[in-house]
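The block underneath contains the structure these notes are about, expressed in structure tokens.
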Amino acid sequence: MTYNVENLFDTQDDPQKSDETFLPYEKKESKEHIQKCNRIDKKSWREECLFLNWSDEAVHQKMSQLARVIQSVSGSGPDILVLQEVENVQVLKLWVQKYLQTSNYQTIVLLEGDDLRGIDVAVVSRFPLSRKPTLHPIPFTKMNQQIKYDTRGILEVHLQAEDREITVYANHFPAPFHPHTFREQAFDYLRSLQKANSNPYQIAAGDFNVPASENQKVHMLENHVLPSWEALHLQCHGCKGTQYYPPEKSWSFLDMILISKEASWKVVPDSIQVVQKHWMLNEDQTPRSFQVRTGNGVSDHLPLYAEIEFL
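Using our numbering, the letters of the sequence shown map in sequence onto residues 2 to 312.
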């Protein structure tokens, strides 16, 4: 499963990151904090920075809702879980160890990247690590430093699944409002990691941030994905997407699971699904972000799930 959990933050201020929105209200009363928030251009983000009460209770409810989503699949969740938008390994361990105890996850991997907001990619699994994980910064070209601070590296994790090793690449590519050429560079770098790895059992999953409209214009999947990978969402019959963009009233599979074509495995027929329960959705059946005041909703993305069997 891959899931953009949308802002899984703790309640502590990290002075090295711009995480001031996700603090309890009592930590937002200083003049310094108010001045920092007032420098934010976008009104909704500025007001969240000033007034969102990201308390221990809010974190508890957010984690409870996320755990409910994970364990709605097969009763105890997937064997491999790829996550995006997690602040740090401490908040990830808290969530897994306290809220997903019955899922029996033994591997928890998050390596801190350079994203200024402090959001990282992570891998959680029942399978043990077979090698030390690596975070690969993407070598973008013609990108200014401000945009570079809004990017994440590719997390490479090696898992021992039965008698075979699986390489998992966790991804969160540059946002759609950045030029599509940056996502092309990211796909090409992912391909270079795939080619350099002699292990045939490779999975790349995450939020690749390719809207349907962009794919139609520049053929991102056709040119940069499908020559190297099997994209499982293309077999998700009747699925609209994992994310909805209101201004264009359009669905997209920003989130994808890609598997190598050379491995001796197969996708379980009809296992591919976008996980969507009524309590994860707005009235119009689009993903509902977590609401601090009510405790309802989960994320602005829906998770993508698939089952794979070794041959």
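We put the beta carbon where it would ideally sit given N, CA and C, even for glycine.
By the criterion of a C-beta distance shorter than 6 Å, THR152 is surrounded in its chain by PRO175, once the five residues flanking it on both sides are discounted. The beta-carbon distance between PRO129 and GLN107, rounded to whole angstroms, is 6 Å. This is short enough to meet the 8 Å contact definition.
With 16 or more other Cβ atoms from the protein chains shown falling within 10 Å of its own Cβ, TYR202 counts as buried. Per DSSP, the continuous alpha helix (DSSP H) segment holding GLN66 begins and ends at 57–71.
C-alpha of ALA197 to C-alpha of SER45: approximately 43 Å in a straight line.
The bridge partners DSSP lists for THR135 are GLU157. Bounds of the alpha helix (DSSP H) holding GLN217 are 213–219. Contact check for LEU233 against ALA162 fails: the beta carbons are separated by 8 Å or more. The secondary-structure analysis by DSSP pairs TYR26 with nothing; it has no beta-bridge partner.
If you draw a straight line from the Cα of ILE109 to the Cα of LYS218, it comes to about 38 Å. In the three-state scheme derived from DSSP, where H, G and I count as helix and E and B as strand, ASN39 is classed as helix. In the structure shown, the three-state DSSP call for SER45 is helix.
Looking only at LEU67, PRO212 and ASP189, the smallest Cα-Cα distance to ALA205 is reached by ASP189. Pairing TRP230 with ILE167, the inter-Cα distance amounts to about 15 Å. Nearest to ASN89 by C-alpha distance, out of SER75, GLY76 and LEU117, is LEU117. In this structure, DSSP gives ASP208 an extended state, which the three-state scheme calls strand. Going by beta carbons, PHE291 and GLU7 fall inside the 8 Å limit. When only Cα atoms are considered, LEU93 and LYS267 end up about 30 Å apart.
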